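Enquirer: Structure in structure tokens, see below.
So, in structure tokens, the structure goes:
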């Protein structure tokens, strides 16, 4: 059974203190018996494979559309550095509880808490963490054990490649579909994040910034930036844009430099690579193929026009990164009785939240009014 010891904690503490995200997650990814979370987190830092890129794209969209925040690469880096501090704190709690096994493989409850706290500090919705809505839906159905099962399946599917990773999330969303978790909305968001991720570039190259179709390249000889697209390459002359590009380049160079600064007690002197996925080397696992223990059973396609069929079509469109197809299926779905019921539940939930907030405000005002005469009497007695 894998576990951490005090030497491991000393090494991790050093990396967390230095804000060294690459070596922090790399260390965890290479400890014997680890559950795979360290490698997934390392992929997010590097943005060099689809699961990592999907997580980044999903968080960016949620931050922008829900929280009204467009974080710079520097701000996301600071978020990531804050996250490893919080992650370490929970691992230290497990060590203090004499659970070195859980210090290595944190229960998802604490992985989620670390993310919640980091997103709250960054003033971004906590649902920007990709699996959070699924985990909460699992808890509503079967408690913490159910959520832990979802987390385990997610980590397992990450090893099997991008397509299985996204499909696992989509199937899980359908399995736990309820009022607060709307599987159609979640899979649509996931599909759009996948589409954006498929054109993204790794964050490991400080001299190439942008996406596959339109990006900036830094010329080391001239010190100039050039905007490169399928049509042409032109020198960037806008001072504001150049300043932004230079800042992003500086962030990546700092992270690159830190990745060479190994702690003397760290035996892992190479950075773990993203795994070759099954999608890279053999045909994709088809529905009905081998599944992990606890994975929701593969669904068969429902009758044409049924909710099952619509959800399958939405998932297929998301996997194909077909935004128009997702919109079409969603319009069809919104005409169903289930969608109308979900919308009504959403309105009821929102109304209940507003009522609770109003009652809390009225109670606070009543308490202030009750205290006010005492204060006035005290002043008059002077």
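Residue numbers (the numbering used here): 28 to 409.
Think of the CB as a built atom: it goes at the ideal place given N, C-alpha and C, for glycine as much as any other residue.
Please read all numbers here as calculations on a predicted model, not as lab measurements.
Tell me whether the beta-carbon of residue 239 lies closer than 8 Å to the beta-carbon of residue 230.
Expert: Taking the chain shown and counting its residues from 1, the one referred to as residue 239 is at position 212. Taking the chain shown and counting its residues from 1, the one referred to as residue 230 is at position 203. No, these two residues do not count as a Cβ contact at 8 Å.
Enquirer: Count the other CB atoms, across all protein chains shown, that sit within 10 Å of the CB of residue 158; report buried if there are 16 or more and exposed otherwise.
Expert: Residue 158 sits at position 131 when you count from the first residue of the chain shown. Buried is the call here.
Enquirer: Kindly indicate which three-state DSSP category residue 318 falls into: helix, strand or coil?
Expert: Sequence index remark: in the chain shown, residue 318 carries index 291 (1-based). Residue confidence for residue 318 is low, a pLDDT of 31 falling below 50, so the modelled location carries little weight; the figure read from the coordinates is stated next. In this structure, residue 318 counts as coil in the three-state DSSP scheme.
Enquirer: Rounded to a whole number of angstroms, what is the C-alpha to C-alpha distance between residue 52 and residue 217?
Expert: Translated into the one-based positions of the chain shown, residue 52 becomes position 25. Translated into the one-based positions of the chain shown, residue 217 becomes position 190. Answer to the nearest angstrom: the Cα atoms are 24 Å apart.
Enquirer: Could you check the C-alpha separation between residue 205 and residue 164 for me, to the nearest Å?
Expert: Numbered from 1 along the chain shown, position 178 holds the residue referred to as residue 205. Numbered from 1 along the chain shown, position 137 holds the residue referred to as residue 164. Spanning the alpha carbons of residue 205 and residue 164 requires a straight line of approximately 7 Å.
Enquirer: Just how far apart, CA to CA, sit residue 63 and residue 394?
Expert: Within the chain shown, the letter at position 36 stands for residue 63. Within the chain shown, the letter at position 367 stands for residue 394. Near 51 Å, if we compare the C-alpha coordinates of residue 394 and residue 63.
Enquirer: How big is the Cα-Cα spacing for residue 277 and residue 83?
Expert: Position 250 of the chain shown, counted from the first residue, corresponds to residue 277. Position 56 of the chain shown, counted from the first residue, corresponds to residue 83. Near 20 Å, if we compare the C-alpha coordinates of residue 83 and residue 277.
Enquirer: Flag this pair as touching only if the stretch 128-137 and the stretch 108-118 have three or more C-beta atom pairs under 8 Å; answer yes or no.
Expert: yes
Enquirer: Using 10 angstroms around the beta-carbon of residue 247, count the other beta-carbons present and answer buried if the total reaches 16, otherwise exposed.
Expert: As a working mapping, residue 247 is identified with position 220 in the chain shown. Label assigned to residue 247: exposed.
Enquirer: Can you give the beta carbon distance from residue 80 to residue 66, rounded, assuming they're within the 8 Å contact cut?
Expert: Within the chain shown, numbered from 1, the residue matching residue 80 stands at position 53. Within the chain shown, numbered from 1, the residue matching residue 66 stands at position 39. With 8 Å as the limit, residue 80 and residue 66 do not qualify as a contact, their Cβ atoms being about 14 Å apart.
Enquirer: For the beta strand (DSSP E) containing residue 24, name the first residue and the last one.
Expert: Nothing can be reported for residue 24, as the shown portion of the chain is limited to 28 through 409.
Enquirer: If you draw a straight line from the C-alpha of residue 107 to the C-alpha of residue 300, how long is it?
Expert: Walking along the chain shown from the start, residue 107 turns up at place 80. Walking along the chain shown from the start, residue 300 turns up at place 273. If I take the Cα positions, the gap works out to 19 Å.
Enquirer: In its own chain, which residues sit with a C-beta less than 7 Å from the C-beta of residue 313, not counting the 5 before and 5 after it?
Expert: Mapped onto the chain shown, residue 313 falls at position 286. Low per-residue confidence applies at residue 313: pLDDT is 31, beneath 50, and the placement is therefore not dependable, though the value from the model is reported in the following sentence. Closer than 7 Å at the Cβ level, and outside the excluded window around residue 313, lies no residue.
Enquirer: Output needed for residue 286: all residues of its chain with C-beta closer than 7 Å, excluding positions within five of it in sequence on either side, in chain order.
Expert: Your numbering for residue 286 matches position 259 in the chain shown. Result list for residue 286: 49, 50 and 298, in chain order.
Enquirer: For residue 256, write down the residues that DSSP places opposite it in a beta bridge.
Expert: One-based indexing of the chain shown puts residue 256 at position 229. Note: residue 256 sits in a beta bridge opposite 241.
Enquirer: When DSSP builds the beta bridges, which residues end up paired with residue 120?
Expert: One-based indexing of the chain shown puts residue 120 at position 93. Bridge partners of residue 120: none, in fact.
Enquirer: Assuming contact is defined by CB atoms lying nearer than 8 Å, are residue 98 and residue 43 in contact in what I supplied?
Expert: In the chain shown, counting from the first residue as 1, residue 98 sits at position 71. In the chain shown, counting from the first residue as 1, residue 43 sits at position 16. Against a cut-off of 8 Å, the Cβ pair of residue 43 and residue 98 comes out as no contact.
Enquirer: Buried or exposed, going by whether 16 or more other CB atoms sit within 10 Å of the CB of residue 123?
Expert: Indexing the chain shown from 1 puts residue 123 at position 96. Exposed, since its Cβ has fewer than 16 Cβ neighbours within 10 Å.
Enquirer: Spatial neighbours of residue 253 within its chain, please: C-beta separation below 6 Å, excluding the five flanking residues on both sides.
Expert: For the purposes of this step, residue 253 is identified with residue 226 of the chain shown, where counting begins at 1. If we look at residue 253 and ignore the five residues flanking it on each side, its Cβ neighbours are 244, 260 and 262.
Enquirer: Nearest by alpha-carbon distance to residue 282: which of 30, 73 and 54 is it?
Expert: Within the chain shown, residue 282 is the residue found at index 255, counting from 1. The alpha carbon of residue 282 has as its nearest neighbour, out of 30, 73 and 54, the alpha carbon of 73.
Enquirer: Less than 8 Å between the C-beta atoms of residue 30 and residue 130, yes or no?
Expert: On the chain shown, residue 30 is found 3 positions in, with the first residue counted as 1. On the chain shown, residue 130 is found 103 positions in, with the first residue counted as 1. Closer than 8 Å, so yes.
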